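So the sequence shown is numbered by my numbering: it starts at 18 and just counts up by one.
Where is the CB? At the ideal position from N, CA and C, for every residue including glycine.
In this text, all values refer to a predicted model and were calculated from it rather than measured experimentally.
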Amino acid sequence: MFSNPFPILQLGAQTASLEERVQRLEQALLVTLDSLQSVTELLERKFGHEALGSELLPLTSTSNADLEKILDDIGQLLKEGKNAVAARQIRDAFGCHWDRAHQLASEWNHYSREKKLRSLRLIGYIKRLEGTEAS
Numbered sequence: 018m019f020s021n022p023f024p025i026l027q028l029g030a031q032t033a034s035l036e037e038r039v040q041r042l043e044q045a046l047l048v049t050l051d052s053l054q055s056v057t058e059l060l061e062r063k064f065g066h067e068a069l070g071s072e073l074l075p076l077t078s079t080s081n082a083d084l085e086k087i088l089d090d091i092g093q094l095l096k097e098g099k100n101a102v103a104a105r106q107i108r109d110a111f112g113c114h115w116d117r118a119h120q121l122a123s124e125w126n127h128y129s130r131e132k133k134l135r136s137l138r139l140i141g142y143i144k145r146l147e148g149t150e151a152s
């Protein structure tokens, strides 16, 4: 039988549902990405853009202002009742299927702006690492 070498990971595992555990892991990943981005931006300011390796460059490719604009545009479309257009933008920005994009459009206000911003940042980072989005 598998023995967990990291007993700290077992804390609360008996009481937490799989969904809760995945949400905690997702949150930890997003916080880690935020920290990594902050360190990368500090390194870039101190040593210049060319000092960053190819793995860190994707962290500097999208500004918070660009991500905020995406969220603002989607929010405005939803306020105007243009749900289909908003779903398309959600699909493009978040890289999800149509059914999920429409679900997110209908639940848009249930998610905090910070969670949407972090998710966009993570998805953009993954896309740039995979080379599926221009930097």
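Within 8 Å, strictly: CB atoms of residue i and residue j
{"i": "Asp51", "j": "Arg145", "result": "no"}
{"i": "Leu137", "j": "Leu84", "result": "yes"}
{"i": "Arg130", "j": "Ala118", "result": "no"}
{"i": "Ala104", "j": "Ala122", "result": "yes"}
{"i": "Thr77", "j": "Thr57", "result": "yes"}
{"i": "Pro75", "j": "Tyr142", "result": "yes"}
Three-way DSSP call (helix, strand, coil) for residue i in this model
{"i": "Glu72", "result": "coil"}
{"i": "Glu97", "result": "coil"}
{"i": "Thr49", "result": "helix"}
{"i": "Ala82", "result": "helix"}
{"i": "Ser34", "result": "coil"}
{"i": "Ser55", "result": "helix"}
{"i": "His114", "result": "coil"}
{"i": "Ser129", "result": "coil"}
{"i": "Glu61", "result": "helix"}
{"i": "Gly148", "result": "coil"}
Backbone CA spacing between residue i and residue j [nearest angstrom]
{"i": "Trp115", "j": "Lys63", "result": "42 Å"}
{"i": "Lys99", "j": "Leu47", "result": "30 Å"}
{"i": "Leu60", "j": "Glu36", "result": "36 Å"}
{"i": "Leu95", "j": "Asn81", "result": "21 Å"}
{"i": "Asp89", "j": "Arg41", "result": "27 Å"}
{"i": "Gln44", "j": "Ile140", "result": "14 Å"}
{"i": "Leu69", "j": "Leu53", "result": "12 Å"}
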